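**Q**
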Amino acid sequence: MIRKSIPLIIILCVFTALLLSATFYKIEKSITSSTENKNINTDIPTKTSDVNNEIKPVSKSESSNKSVPTNTLANETQVVKEQKANSEIRKTDIDTSDYLSSLQCISYKLKQGETLTDIARKYESTCNLNSTIKMIKSINKIDDVNNINSQTIVNIPENALKRGTMYTVVAGDTWYKVASEYYPKYTTESVMKFLVYINNLPNNDLPLGEKIFLPAL
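For the sequence shown, the UniProt record's numbering gives the first residue as 1, with consecutive numbering after it.
Following this line, the structure appears as structure tokens:
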């Protein structure tokens, strides 16, 4: 009886072992699947976060901040232009007629045979001949030097002729450059006209090496 039941017991043991093995396999697979799902769920937000960080839109405030340097530069440029314009407005024009009429003069009676050129040579160390003659003619309203004689009395702006500066023209000089450098308080255009008139150079030329007279103002 016992011998007959042994095969049956063996079969039951094998069946039980197989059943347990299958059950453990299902449990293990379920656990593995659950773990993988958790890992997948964990990875997805990270990737999404990375994408969000990479494609982060530029806010209006950031865009505005980036444009500040350009606006600031434009504003500074405008301020400089306005300052230059205001500075030029504050400068004074030089009126040649007013300048000549304001000069203190000495009265001088020409000697026999004496000319304006002879008088001008007395001031040649501080003023060129052209400028001295031009100023004397303008102040005394002499149109033709042939009309003067030994009886003629002329007014000579002696102080102005002695206080001025003799300047030798160098390469690169222009009337504009000389006017702006030596008379910064006055408008450049009016100074240029003034100097051209006083120095009496033909065609408003400024020859290299020429000595021009710069009156003290």
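Heads up, the beta-carbon is just placed ideally off N, CA and C, and yes, glycines get one too.
Quantities reported herein were computed from a predicted structural model and do not represent experimental measurements.
(1) To the nearest angstrom, report how far apart R121 and N75 are at their CA atoms.
(2) Taking the C-alpha atoms as reference points, what is the distance between L116 and I133?
(3) Using a Cβ-Cβ cut-off of 8 Å, state whether Y186 counts as contacting chain D.
(4) Find out if the Cβ-Cβ distance for the pair K162, Y99 is shorter than 8 Å.
(5) Sorted by chain position, which residues of the same chain lie with C-beta nearer than 6 Å to residue 256's C-beta, five sequence neighbours on each side aside?
(6) Would a C-beta distance cut-off of 8 Å place K91 and K185 closer than the cut-off?
(7) Which word fits N128, buried or exposed, when buried means at least 16 other C-beta atoms lie within 10 angstroms of its C-beta?
(8) On the DSSP bridge list, what partners appear for N140?
(9) Using 8 Å for Cβ pairs, my map puts T165 next to A179. What's the rounded Cβ distance?
(10) Excluding the 5 residues preceding and the 5 following T152 in the sequence, name in chain order all residues of the same chain whose CB lies nearer than 8 Å to its CB.
(11) By Cβ distance below 7 Å, which residues in the same chain neighbour S190 in space, the five residues on each side in sequence not counted?
(12) Classify I156 as buried or exposed, calling it buried when 16 or more other Cβ atoms lie within 10 Å of its own Cβ.
(13) Cutting at 6 Å between CB atoms, please list the residues of its own chain near S131, excluding the five before and the five after it.
(14) With 16 as the cutoff for other CB atoms within 10 Å, does Y176 come out buried or exposed?
(15) Counting along the chain, where does the beta strand (DSSP E) carrying residue 287 start and finish?
(16) Could you tell me which of G172, I142 and L195 sits nearest to A216, measuring between CA atoms?
(17) Alpha carbon to alpha carbon, how far is V154 from Y114? Give it in angstroms, no decimals.
(18) By Cβ distance below 8 Å, which residues in the same chain neighbour N149 in space, the five residues on each side in sequence not counted?
(19) With the cut-off set at 8 Å, would you say I119 and I142 are in Cβ contact?
(20) Can you give me the C-alpha to C-alpha distance between Q78 and Y183, rounded to a whole angstrom?
(21) Quick check on the DSSP output: the alpha helix (DSSP H) that includes V170 runs from which residue to which?
(22) With distances taken between CB atoms, is the gap from E210 to V170 smaller than 8 Å?
**A** Quick answer:
(1) Along the sequence shown, read from residue 1 onward, the residue named residue 121 stands at position 121. Along the sequence shown, read from residue 1 onward, the residue named residue 75 stands at position 75. Straight-line Cα distance between these residues: approximately 56 Å.
(2) Within the sequence shown, the letter at position 116 stands for residue 116. Within the sequence shown, the letter at position 133 stands for residue 133. Between L116 and I133, the alpha-carbon positions lie close to 6 Å from each other.
(3) Note that chain D does not occur in the displayed structure, where there is just one protein chain.
(4) Taking the sequence shown and counting its residues from 1, one reaches residue 162 at position 162. Taking the sequence shown and counting its residues from 1, one reaches residue 99 at position 99. Result no, Cβ atoms of K162 and Y99 do not sit closer than 8 Å.
(5) Outside the modelled stretch of the chain, which goes from 1 to 217, sits residue 256, for which no answer is possible.
(6) Working through the sequence shown from its first residue, we reach residue 91 at position 91. Working through the sequence shown from its first residue, we reach residue 185 at position 185. Yes; because the gap between Cβ atoms is below 8 Å, this pair is in contact.
(7) Translated into positions along the sequence shown, residue 128 becomes position 128. Per the 10 Å Cβ criterion, buried.
(8) Within the sequence shown, residue 140 is the residue found at index 140, counting from 1. Answer is none; N140 lacks a bridge partner.
(9) On the sequence shown, position 165 is the one that residue 165 refers to. On the sequence shown, position 179 is the one that residue 179 refers to. T165 to A179, Cβ: 13 Å. No contact.
(10) Residue 152 sits at position 152 when you count from the first residue of the sequence shown. Taken in chain order, the residues that qualify are K109 and L110.
(11) Taking the sequence shown and counting its residues from 1, the one referred to as residue 190 is at position 190. D93 and I94.
(12) In the sequence shown, residue 156 corresponds to position 156, counting from 1. It is buried - the Cβ of I156 has at least 16 other Cβ atoms within 10 Å.
(13) In the sequence shown, residue 131 corresponds to position 131, counting from 1. If we look at S131 and ignore the five residues flanking it on each side, its Cβ neighbours are I198, N199 and F213.
(14) In the sequence shown, the residue the question calls residue 176 occupies position 176. Its Cβ having fewer than 16 others within 10 Å, Y176 is exposed.
(15) Since the first residue shown for the chain is 1 and the last is 217, residue 287 is missing from the structure and cannot be characterised.
(16) Here the question's residue 216 lines up with position 216 in the sequence shown. It is L195.
(17) Translated into positions along the sequence shown, residue 114 becomes position 114. Translated into positions along the sequence shown, residue 154 becomes position 154. With the sequence shown as reference, residue 114 is identified as Glu, and Tyr is not the correct amino acid for it. Taking the straight line from one Cα to the other gives about 12 Å.
(18) By one-based count along the sequence shown, residue 149 stands at place 149. Cβ neighbours of N149 within its own chain (closer than 8 Å, five residues either side excluded): L110.
(19) The sequence position of residue 119 within the sequence shown is 119, counting from 1. The sequence position of residue 142 within the sequence shown is 142, counting from 1. Not in contact: I119 and I142 (Cβ atoms no closer than 8 Å).
(20) As a first step, residue 78 is located in the sequence shown; it is residue number 78 there, counting from the start. As a first step, residue 183 is located in the sequence shown; it is residue number 183 there, counting from the start. C-alpha separation (whole angstroms): 26 Å.
(21) For the purposes of this step, residue 170 is taken as residue 170 along the sequence shown, with counting starting at 1. From DSSP, V170 is part of no alpha helix (DSSP H); its letter is neither H nor E.
(22) For the purposes of this step, residue 210 is taken as the residue at position 210 of the sequence shown. For the purposes of this step, residue 170 is taken as the residue at position 170 of the sequence shown. Their beta carbons are not under 8 Å apart, which means E210 does not touch V170 by this criterion.
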